[in-house]
Amino acid sequence: MKPTLLILAAGMASRYGSMKQTEGFGPYNETIMDYSIYDAIQAGFGKVVFIIREDFAENFKAIFEEKLKGKIEVEYVYQHLEAHVHPQYIPEGRTKPWGTGHAMLCAKDVIREPFAVINADDFYGTDGFMKASEFLQHQCNENTYAIIGYKLARTLSEHGTVSRGVCKTDESNNLVDIHERTKIYRNNQGKIVYEENDEKIEVPETSSVSMNFWCFHPSVFVLIEKLFSEFPKNNMDNLKAEFFIPLIGEHFIKTAGNNIQVIPTDAQWFGVTYKEDAPGVKQSIATLITAKAYPEKLF
380 MKPTLLILAA GMASRYGSMK QTEGFGPYNE TIMDYSIYDA IQAGFGKVVF
430 IIREDFAENF KAIFEEKLKG KIEVEYVYQH LEAHVHPQYI PEGRTKPWGT
480 GHAMLCAKDV IREPFAVINA DDFYGTDGFM KASEFLQHQC NENTYAIIGY
530 KLARTLSEHG TVSRGVCKTD ESNNLVDIHE RTKIYRNNQG KIVYEENDEK
580 IEVPETSSVS MNFWCFHPSV FVLIEKLFSE FPKNNMDNLK AEFFIPLIGE
630 HFIKTAGNNI QVIPTDAQWF GVTYKEDAPG VKQSIATLIT AKAYPEKLF
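When you line the sequence shown up against this note's numbering, it's residues 380 to 678, in that order.
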């Protein structure tokens with residue numbers, strides 16, 4: 380059975396300032412998602428599921444429907460505030476949905492096979508998709524999931540700080556914990572540091588970090604439903620509370636016999652956290668095309 384690719388494309392892009400999910404970066408106006416989908420097809424994925432906001436569904440489908448027809452099966456799922464939440468637990472004044480884990484839950488009715496989850500605005504590289512596909516087709520099961528782990532030094536932005544989930548692993552490279560580090564950057568001395576409580580703490584260049592490239596068995600939806608059923612009720616006083624995917628992973632590995640493998644890749648990540656990142660992303664894609672890593676026109 381071919382695996383599925385679930386793309387999280389419902390974000391608000393608040394730091395970027397516009398709908399970066401559908402912005403063109405390739406020579407034929409390809410989005411970053413186009414490159415992820417191209418890599419997924421080459422790696423053997425059989426379906427792509429887009430998690431989007433219903434209010435830009437028409438524009439979104441106009442971009443992807445025709446170009447992907449006959450190349451990969453496509454599904455669209457809408458994430459909205461009320462999905463899987465009892466109305467009494469939606470606090471007055473909340474407008475945003477409940478985060479990436481909630482987005483996954485919204486896709487439970489259209490995914491029946493092992494699947495990978497990625498962000499819409501991150502360029503992950505061919506190697507990540509090849510390794511994810513291999514894992515999903517041959518190793519993934521109800522007790523074994525995975526994260527594609529990127530080297531921290533390959534995931535920084537030149538235009539501001541980033542937040543990264545730094546992975547702690549055991550001797551078998553199974554995930555022990557993810558430490559969410561915010562305000563990560565390279566300082567004037569060339570060291571990678573993060574800020575916490577007015578301290579600047581160095582992080583090794585080769586630290587394995589999660590870029591939200593996860594591999595799951597479809598049985599994970601049972602766990603997500605269970606965890607999320609209590610989340611809105613327990614966070615009614617926090618309008619910004621979000622149910623993130625790492626919360627799911629954290630609970631999963633606490634059960635004896637469950638593991639999340641951290642599969643390393645040397646791929647160079649790039650993305651558009653800030654508006655100033657856009658020219659660099661376009662140049663990086665142009666360089667890959669020149670090197671014949673991708674055709675000039677993807678689809």
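Even glycine gets a Cβ: it sits at the ideal position worked out from N, Cα and C.
Distance CB(residue i)-CB(residue j) smaller than 7 angstroms
| i | j | result |
| --- | --- | --- |
| residue 543 | residue 588 | yes |
| residue 558 | residue 545 | yes |
| residue 507 | residue 527 | yes |
| residue 639 | residue 524 | yes |
| residue 570 | residue 578 | no |
| residue 622 | residue 478 | yes |
| residue 464 | residue 430 | no |
| residue 501 | residue 380 | no |
| residue 611 | residue 468 | yes |
| residue 480 | residue 627 | yes |
| residue 641 | residue 552 | yes |
| residue 535 | residue 594 | no |
| residue 499 | residue 388 | yes |
| residue 428 | residue 454 | yes |
| residue 496 | residue 385 | yes |
For residue i, the nearest candidate out of the options (CA to CA)
| i | options | result |
| --- | --- | --- |
| residue 643 | 657, 574, 670 and 592 | 592 |
| residue 407 | 612, 665, 671 and 672 | 665 |
| residue 685 | 483, 461, 462 and 415 | What is shown of the chain runs 380 to 678, which leaves residue 685 out entirely. |
| residue 615 | 472, 429 and 439 | 472 |
| residue 520 | 599, 627, 387 and 402 | 599 |
| residue 493 | 424, 551 and 547 | 424 |
| residue 632 | 442, 388, 556 and 385 | 556 |
| residue 561 | 575, 585 and 567 | 575 |
| residue 678 | 386, 420, 389 and 551 | 420 |
| residue 653 | 538, 594 and 488 | 538 |
| residue 450 | 432, 461, 418 and 433 | 418 |
| residue 458 | 447, 554 and 436 | 436 |
| residue 583 | 422, 648, 554 and 531 | 531 |
| residue 630 | 572, 470, 496 and 554 | 554 |
| residue 636 | 608, 522 and 620 | 522 |
| residue 604 | 488, 470, 565 and 620 | 488 |
Residue i burial status per 10 Å Cβ neighbour count (16 or more: buried)
| i | result |
| --- | --- |
| residue 549 | exposed |
| residue 412 | buried |
| residue 395 | Any reading at residue 395 must be qualified, since the residue scores a pLDDT of 38, below 50, and its modelled position is unreliable; the value itself is stated next. Label assigned to residue 395: buried. |
| residue 510 | buried |
| residue 517 | exposed |
| residue 662 | exposed |
| residue 634 | exposed |
| residue 466 | exposed |
| residue 409 | buried |
| residue 585 | exposed |
| residue 460 | exposed |
| residue 618 | exposed |
| residue 601 | exposed |
| residue 486 | buried |
| residue 441 | exposed |
| residue 422 | buried |
| residue 393 | Its pLDDT being 42, under 50, residue 393 is placed unreliably by the model, and the measurement read from it follows with that caveat. Result: exposed. |
Beta-carbon contacts of residue i that lie in its chain and below 6 angstroms, excluding the five residues immediately before and after
| i | result |
| --- | --- |
| residue 426 | 383 and 452 |
| residue 597 | 490 and 491 |
| residue 657 | 651 |
| residue 405 | 664 |
| residue 668 | 675 |
| residue 433 | 457 |
| residue 649 | 502, 660 and 663 |
| residue 672 | none |
| residue 547 | 555 and 556 |
| residue 620 | 614 |
Residues near residue i in its chain [Cβ-Cβ closer than 8 angstroms; skip 5 each side]
| i | result |
| --- | --- |
| residue 391 | Confidence at residue 391 is low in this model, with a pLDDT of 49, below 50, so its placement is unreliable and the value that follows should be read with caution. 475. |
| residue 646 | 503, 504, 505, 506, 507, 529 and 533 |
| residue 438 | 401 |
| residue 447 | 416, 427, 453 and 678 |
Cβ neighbours of residue i in the same chain (closer than 7 angstroms, five flanking residues each side left out)
| i | result |
| --- | --- |
| residue 397 | Its pLDDT being 46, under 50, residue 397 is placed unreliably in this model, and the value from its coordinates should be taken loosely. No residues qualify anywhere along the chain. |
| residue 655 | 538 |
| residue 573 | 560, 561, 562, 563, 580 and 582 |
| residue 470 | 615 and 618 |
| residue 565 | 535 and 571 |
Closer than 7 angstroms to chain C by CB, residue i
| i | result |
| --- | --- |
| residue 488 | Included in the structure is just one protein chain, with no chain C present. |
Original post:
Quick one: complete beta strand (DSSP E) runs, 3+ long, within the stretch 444-486?
Top reply: The qualifying runs are 452-457.
Original post:
What are the complete alpha helix (DSSP H) segments, minimum 4 residues, inside the stretch 580-658?
Top reply: 599-607, 610-613 and 624-632
Original post:
Counting only runs that start and end within the stretch 398-436, where is the beta strand (DSSP E) found for 3 or more residues in a row?
Top reply: 426-431
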